[in-house]
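What follows is a short report on a single structure.
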Amino acid sequence: MLHLEDSIIPKAPSRFDELVTALKDALGSSGLACDDVNLELLTDLMKSYDSNEKEWDTFALADPSMAYTRNLVDEGNGKSNLLVLVWTPGKGSPIHSHSNAHCLMKILKGSLTETRYDFPRNTNRDNRPTTSDGGDESMEVALESVYTENDVAYMSDDQGVHKMWNNSNDFAISLHLYTPPNIDN
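Here's what the structure looks like:
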């Protein structure tokens, strides 16, 4: 006699799995730098997913000794990286560019503060901002935003440079789509 526990029933894909597939399909063999990719469609796909921790928690690997961890979810046909980032409480990223990559970010849990700065006009050999007389130029804040669960944001070098920070007492989790793949940041 066959028992239900003896049979293998295929598991239906989760909404998170469906999002990963939809993003990959939307990018096709392209990346966001190509004219045939629709940034609005990718943003809408990210917005359409309601965060469910049970669906992505296997990717949320934390290391409290680090400001944040980057956990690969999908390599997107070699044209993108989809990552889950886990942000340690009270820590964040340094000010950084995105090396000519586009980044869509969705908050899966908690909240993150983004501080955007105008892109430095002049840089020295070390790529540090400078004034025309060679002294250091301070970064000017262009915008500060707080993103909470299910918010989606977009960032590219055209918008300047930024830093992300977890101001809370609990871990924050975010999903990032980089295209072209941006493994340095």
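So the sequence shown is residues 1 to 185, counted in the UniProt record's numbering. From the three backbone atoms N, C-alpha and C, an ideal C-beta is built for every residue, glycine too. Predicted model only: the values in this text are computed from it and were never measured.
Notebook entry, point to check: Where does Ser80 fall in DSSP's three states?
Noted result: coil
Next item on the list: Within the same chain, show all residues whose beta-carbon is closer than 8 angstroms to that of Gly135, passing over the 5 residues directly before and after it, in chain order.
Entry: Note that Gly135 scores a pLDDT of 47, beneath 50, so its modelled location is shaky and nothing firm can be said.
Next item on the list: Return the Cβ separation of Leu42 and Leu23 in integer angstroms, given the expectation that the two are a contact with Cβ distance under 8 angstroms.
Entry: 7 angstroms
Check: Thinking just about the alpha-carbon of each residue, which of Ala172, Ile9, Leu19 and Met164 is nearest to the one in His96?
Finding: Met164
Next item on the list: List the residues that DSSP assigns as beta-bridge partners of Ile9.
Entry: None; Ile9 has no bridge partner.
Next item on the list: Just the C-alpha distance for Glu114 and Met155, rounded to the nearest angstrom, thanks.
Entry: 10 angstroms
Notebook entry, point to check: Is Met139 helix, strand or coil by DSSP?
Noted result: coil
Notebook entry, point to check: Nearest to Thr88 by alpha carbon, out of Leu39, Ser48 and Arg70?
Noted result: Arg70
Margin query: To the nearest angstrom, how far is the alpha carbon of Thr131 from that of Ser51?
Written below: Annotation note: pLDDT 47 at Thr131 (below 50); position unreliable, coordinate value reported separately. One C-alpha to the other measures close to 44 angstroms.
Note to self: Does the structure place the region 76-94 close enough to the region 145-154 that three or more beta carbon pairs sit under 8 angstroms?
What the structure shows: no
Notebook entry, point to check: Run through DSSP, which three-state label would Met105 get?
Noted result: strand
Check: Using the beta-carbon count (16 or more within 10 Å), is Ser174 buried or exposed?
Finding: buried
Next item on the list: Flag this pair as yes or no: are the beta carbons of Asn169 and Gly92 separated by less than 8 angstroms?
Entry: no
Item checked: Cβ-based burial, Ala12 [other Cβ within 10 Å; buried from 16] -> exposed
Margin query: Quick check on Asp133: does DSSP put it in helix, strand or coil?
Written below: Model confidence at Asp133 stands at a pLDDT of 49, short of 50, so the residue's coordinates are unreliable and nothing is read from them.
Notebook entry, point to check: Excluding the five sequence neighbours on either side, which residues of its own chain have a C-beta within less than 6 angstroms of the C-beta of Phe16, listed in chain order?
Noted result: Glu55 and Trp56
Checklist line | Buried or exposed by the 16-neighbour rule on C-beta atoms within 10 Å, applied to Asn38 | finding: exposed
Notebook entry, point to check: Where Ile9 and Glu144 are concerned, what is the direct C-alpha to C-alpha distance, given to the nearest angstrom?
Noted result: 48 angstroms
Item checked: Cα-Cα separation between Arg116 and Thr58, rounded to whole angstroms -> 31 angstroms
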